[in-house]
Structures are given as structure tokens and as C-alpha cells.
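Just below is one structure, and these are the notes that go with it.
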Amino acid sequence: MSVFEHYFDIDSTNPITRERLESVHHAYPGLTYADLYTLAGVVAIERMGGPTIKWRYGRSDYEDGKKSPPDGRLPDASQGVQHIRDIFYRMGFNDSEIVALIGAHSLGRCHIDRSGYDGDWTTTPTAFSNEFFRFLLNEQWQERHWNGSKQFEDVRTQSFLMLPTDMALIQDPEFKKYVVEYANDKDLFGKHFAAAFEKLLELGVDFTKNG
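Right under this line is the structure:
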């Protein structure tokens, strides 16, 4: 999640990944970018110890952005509970699916030059786990005092990050219920994440038309 939507652009955020995927696209020109990027995400999650996510081809590319949805529809990490629900309910996700998808923060880290935030969520940012939820529940969090976007750090080590939208998951009783479930059951988290991520990747795709 990011306050600045353009940071999601793969060209600006991860040129190394884009370059490697471009070589795959060059080798298989019949593979659309939409299918390539979603497949790469599915494979990456599985290779990092995550669940097997069902994937099928059939997404189309467009020559320009004229048919793209308007800007301003992505989640804003500086917001709270209502914003999260507004964004994800619009896409047809329920509370358990929302919490499971945000659990993807068990992977990766924030880079200040890309999102305005900085730090790791977990001790193993390249391994899929439920540590994000365990940290969120079991650590105490305080606002980080720094010259950057509002974010939170753990009181004990001041080494880990939580975004305002992450903190919202334990501020809302319904969200927190699922945080507790996933913190206590890694397999359940993996199962729910796989189903929600599959749903996310198929939003707006007419597979009967595209294959």
C-alpha cells in the first residue's frame, strides 16, 4: 500500500524485476503482460514457502491506459478502518479476505524512495509466514518519530514497521478476530490467502472471452 499511487508502477519501483520479466515476455511473445505479471506473483509466493495459488491464463493487454480504471482507487497506507473497507468492499472482498490479503506484508519491506515508508514487517521478509500477524498482536507499537510518513515501530527493538492500515487491523473488532485466527494458525492463513489472492487476480477478467 502506498499514499502515492505512481509508486505502484513497476517501471519506477522495481526495474530489476521488470527487466527479468521482459526477457520472459521476449521469449514467449504470445504471453500477455497481464498474465506474465500475475503468474510471476503466484510463482514468487510459492517459491518463498507460500501456498499454491490457482492461476489461469486469459488476461488481455491494452495499448494505452484509456480503458484503465481512474487513478485514486488503490489503498492508501495512511488511512484507517473505513478506508480499507471502502476499497476492498468495492472489489467484493469480505473482512476475512481483506485481512488475509494484507497479510502479504509478511513478505518484502518498505523503501522510502518508493513509498515514503521504511522498514521490514518481519524477521523473514523473503519467507511466507504468519509472523506479520503474530508481531501485530504480540508486540507493543509506538509512532516512529522521524522525518518521514507516519508509521509505527515496535517498542521492544524499534526495528520493525507497521503502517497505519496495519494498525487498523487490531483497532477494529471484526478485523482483529481474523488477525488472531491467522496468528494462531499458519495453515489457515495460507489457505485463506491463496483463495483471496486468486480472486484478486481474476477481478474484471472475462475468461470465456479471452480463453
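Numbering (the working numbering), first residue to last: 2 to 212. Where a beta carbon is used, it is the ideal one built from N, C-alpha and C, also for glycine. Since the structure is predicted, the reported quantities are computational estimates derived from the model, not experimental observations.
Limits of the alpha helix (DSSP H) - the one that E144 falls within: Segment 142-144 is the beta strand (DSSP E) holding E144; no alpha helix (DSSP H) there.
Span separating the alpha-carbon of K151 from that of D119: 10 Å
Kindly provide the ranges of any alpha helix (DSSP H) runs that are 4 or more residues long and lie completely inside the stretch 26-102, ordered along the chain. 34-48, 82-91
How should F129 be labelled, buried or exposed, when 16 other C-beta atoms within 10 angstroms of its C-beta is the threshold for buried? buried
Taking DSSP as the reference, what is the three-state secondary structure of R157? coil
Under DSSP, the alpha helix (DSSP H) around Y179 begins and ends at which residues? 174-185
Where I54 and F194 are concerned, what is the direct C-alpha to C-alpha distance, given to the nearest angstrom? 9 Å
Indicate the three-state DSSP secondary structure (helix, strand or coil) for L162 in the structure shown. strand
What whole-angstrom Cβ distance do F136 and F161 have, given they're in contact under 8 Å? 6 Å
On the DSSP letters alone, give me the boundaries of the alpha helix (DSSP H) that N139 sits inside. 132-139
Check whether the Cβ atoms of R115 and E140 sit closer than 8 Å, and answer yes or no. no
Proximity of E122 and F133 at Cβ, strictly below 8 Å: According to the sequence provided, residue 122 is Trp. The question's Glu does not apply to it. Result yes, Cβ atoms of W122 and F133 sit closer than 8 Å.
State yes or no: is the C-beta of V156 nearer than 7 Å to some heavy atom of the ligand ADP? As far as ligands go, the structure on display features none, and thus does not contain the ligand ADP.
Would you identify the three-state DSSP class for D121, choosing helix, strand or coil? strand
Burial state of I99, where buried means 16 or more other Cβ atoms lie within 10 Å: buried
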